[in-house]
Amino acid sequence: MPIVAQSTETTDWVSRFADEVIAESERRAPGAKTSAATAPDVVVASGLSPSGPIHLGNLREVMTPHLVADEVRRRGHRVRHLISWDDYDRYRKVPAGVPGVDESWAEHIGKPLTSVPAPKGSPHPNWAEHFKAAMTVSLAEMGVEFDGISQTAQYTSGVYREQILHAMRHRRDIDAILDQYRTKKAPAKKSQKPVDEAELEAAEGSGAAAEDDGSSGSAGYFPYKPYCGNCEKDLTTVTAYDDDSTELTYACTACGFSETVRLSEFNRGKLVWKVDWPMRWAYEGVVFEPSGVDHSSPGSSFQVGGQIVGIFGGKQPIGPMYAFVGISGMAKMSSSKGGVPTPADALRIMEPQLLRWLYARRRPNQSFKIAFDQEIQRLYDEWDRLDAKVADGSALPADAAAHARAVGTAAGELPRTPRPLPYRTLASVADITAGHEDQALRILGELDPANPIASLDEARPRYDKAEAWINTHVPADQRTIVRQEPDAELLKSLDEPSRQSLRLLLDGLADHWSLDGLTHHVYGVPKVQAGFPADATPKELPPEIKTAQRTFFALLYHLLVGRDTGPRLPTLLLAVGQDRVRALLGE
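Numbering follows this note's numbering, in which position 119 of the sequence shown is assigned residue number 642; successive positions increment by one, without gaps.
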């Protein structure tokens, strides 16, 4: 891949991890390079379970190594970002709120995810592929390059056969490591908050953290779990195993089926999670991989894996523990709950740059929220201010670095909106015009008469994102409907100061017909009415002017849309149009 972007060379969290990853990679292969370009690939990894909708919390599992990998790549190193699709995991339960899925899917619990039917109406061959496809599209839109590995393909093709046999030969060593933690409990914290089950599930979407670490019956401990040859479920117990012949006997507690197979030829099963993960670290040579917050507890997959990986001749990756991602106005996410927003949901209402920025600007151990409510307008305002600061060179180094990581990758910049008008303005226009593109173009063209946009394409895709937000996340009772006829009763009841304020507005309407002009004019009317210049600053005005402005704005909203609030008045006035404004205000 051509390196078309420079390293950000800052002290932000991504750069610090990139330093550590490069140093660790070189420690593992000393003398194996003559330059960055000829060094062995730096391997970073993510793991995703397509057990249901892959949500915005799971996205942190991808974005953390992606951002680090991209910084390493900017510095001239070859990087391989693995995404391990844990599609050979067991189907644990029927997630709520998935279209085309009903309680009949419960009969598949215990089967590999790739053996479970896709939701009704899906074009994909199975459950795992259905949810992988949506995530893959979203990652492409966000500029995330990766090497995807299907664990179903790896296990069923025999790729891991030697690793499985090795684990079985060393099962007593593995069991001894696991046994150190089986009776340990996490130390109590003085001010520990109640554990939310949803938080635990969000941390490890496959639910692997809750699974057992292998069978330990009368026949001993075995780190391998076959899928039943009759019912395909993993409700099996290994009852005998011979190291020399590799003959393995298992029985299924679900259907009663039993058989003896040669593990050296058998490909219908997998290592238990706490052994599977470190085996893959060693097999792929992973240098960097983040982990969910539950991995900090004694006996967690990451901690135990750090010891088990040595059995496979590998080393534990470095990598941070990452915190949860919340949704503005909602509880913390869990993929088992219905309606959990996914990256695709977020990308319907925001540009990829904004979504990337939300993950880039916070350290992995910092939680943050993604806004699906009115807060998205404030986030976009903040993003646009940062964009302007970067353009004029006034942004702080860490902020400029986060911006650079948001707008593009080492391969180049992501496509962006040619004329990035304020999101809140676009949302208001989309709200008022209700899908009429000719009206939307008229209004947007009047925002800046000196440099009007000639086509909605200039405001896209941001305009489309704002329109999608209005149509999908703003309740019907909060949508803006402009009055068809003047409110004659309200106009008749107005006192003289209110009539005067309307006359002042209408008298200056034509001369201020632009977004900036109307903003100045609307805020200036109460000032002029009180005897102050229209351009007087808040410091030059008494506090009651703010009260007068709020009263004036509420009057305009009632006369124009029948409510005491609505879109920003300058945008609303442009949308309604001069002639209609004059009619509705009683001229």
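For every residue, glycine included, the Cβ atom is placed at its ideal position computed from N, Cα and C. On a predicted model such as this, the values are computed, not experimentally measured, just so you know.
query = What did DSSP end up calling Gly-575 once you bin it into helix, strand or coil?
reply = coil
ask   = Within this structure, are the beta carbons of Ala-991 and Ile-872 separated by less than 8 angstroms?
value = yes
ask   = Within 10 angstroms of its Cβ, does Thr-865 collect 16 or more other Cβ (buried), or is it exposed?
value = buried
ask   = Who does Arg-785 pair with in a DSSP beta bridge?
value = Glu-770
query = For the beta strand (DSSP E) that contains Ser-824, what are its first and last residues?
reply = First-last for Ser-824: 824–831, but that is the alpha helix (DSSP H), not the beta strand (DSSP E).
task = Give the DSSP bridge partners of Leu-605, in chain order.
result = Ala-568 and Asp-670
key: Close beta carbons around Leu-1013, own chain, < 8 angstroms, minus the five adjacent residues each side   = His-1081 and Leu-1082
ask   = Can we say the segment 601–608 touches the segment 565–578, given the rule of at least three CB pairs closer than 8 angstroms?
value = yes
ask   = What residue range is occupied by the uninterrupted alpha helix (DSSP H) comprising Ile-697?
value = 694–705
task = Return the bridge partner residues of Ser-814 from the DSSP annotation.
result = Met-844
ask   = Does the Cβ of Asp-1018 have 16 or more other Cβ atoms within 10 Å, making it buried, or fewer, making it exposed?
value = exposed
Among Pro-588, Val-537, Glu-1067 and Ile-1068, the one whose alpha carbon lies nearest that of Ser-814 = Pro-588
ask   = If we ignore side chains and look at the alpha-carbon of each, how far apart do Ala-1057 and Val-1104 end up?
value = 21 angstroms
query = Taking the alpha carbon of Asp-765 as the point to measure from, which residue in Ala-742, Cys-754 and Arg-908 has its own alpha carbon closest?
reply = Ala-742
message = Within the continuous alpha helix (DSSP H) that includes Gly-968, where are the two ends?
response = 960–970
ask   = Around the Cβ of Asn-974, are there at least 16 other Cβ atoms within 10 angstroms (buried) or fewer (exposed)?
value = exposed
inquiry  = For a test of the three-state rule: what should DSSP assign to Leu-1097, helix, strand or coil?
reply    = helix
request  = For Ser-627, count neighbouring Cβ atoms within 10 angstroms of its own Cβ and tell me buried if that reaches 16, exposed if not.
outcome  = exposed
request  = With DSSP as the reference, label Leu-1027 as helix, strand or coil.
outcome  = helix
query = When you compare only the Cα positions, how much space is there between Pro-648 and Pro-640?
reply = 7 angstroms
query = Under the rule that 16 or more other beta-carbon atoms within 10 Å means buried, what is Gln-703, buried or exposed?
reply = exposed
query = Does DSSP classify Gly-935 as helix, strand or coil?
reply = strand
key: Where Phe-1055 sits in the DSSP three-state scheme   = coil
task = Starting from Pro-875, trace the alpha helix (DSSP H) both ways and give me its first and last residue.
result = 875–883
inquiry  = I need the DSSP call for Pro-749, collapsed to helix, strand or coil.
reply    = strand
ask   = Shortest alpha-carbon distance to Asn-790 belongs to which of Trp-650, Tyr-750 and Val-816?
value = Tyr-750
query = With 16 as the cutoff for other CB atoms within 10 Å, does Arg-1022 come out buried or exposed?
reply = exposed
request  = Spatial neighbours of Gln-492 within its chain, please: CB distance less than 7 angstroms, with the 5 preceding and 5 following residues excluded, ordered by chain position.
outcome  = The requested residue 492 is not part of the displayed model; the chain covers only 524 to 1110.
task = Could you tell me the distance, in whole angstroms, from the CA atom of Phe-745 to the CA atom of Glu-905?
result = 54 angstroms
query = Would the beta-carbon of Leu-1108 fall within 8 angstroms of that of Val-1045?
reply = no
key: Start and end residues, alpha helix (DSSP H) containing Lys-797   = 796–807
task = Can you tell me the Cβ-Cβ gap for Leu-1097 and Ile-966, rounded? I've got them flagged as a contact below 8 angstroms.
result = 5 angstroms
inquiry  = On the criterion of 16 or more Cβ atoms from any shown chain inside 10 Å, does Asp-670 qualify as buried, or is it exposed?
reply    = exposed
message = Taking the straight line between their C-alpha atoms, what separation do you get for Ala-1106 and Ile-899?
response = 34 angstroms
key: Simplified DSSP assignment, three categories, for Pro-635   = strand
task = Measuring alpha carbon to alpha carbon, tell me which of Arg-1002, Gly-792, Phe-895 and Leu-1025 ends up nearest Ile-850.
result = Phe-895
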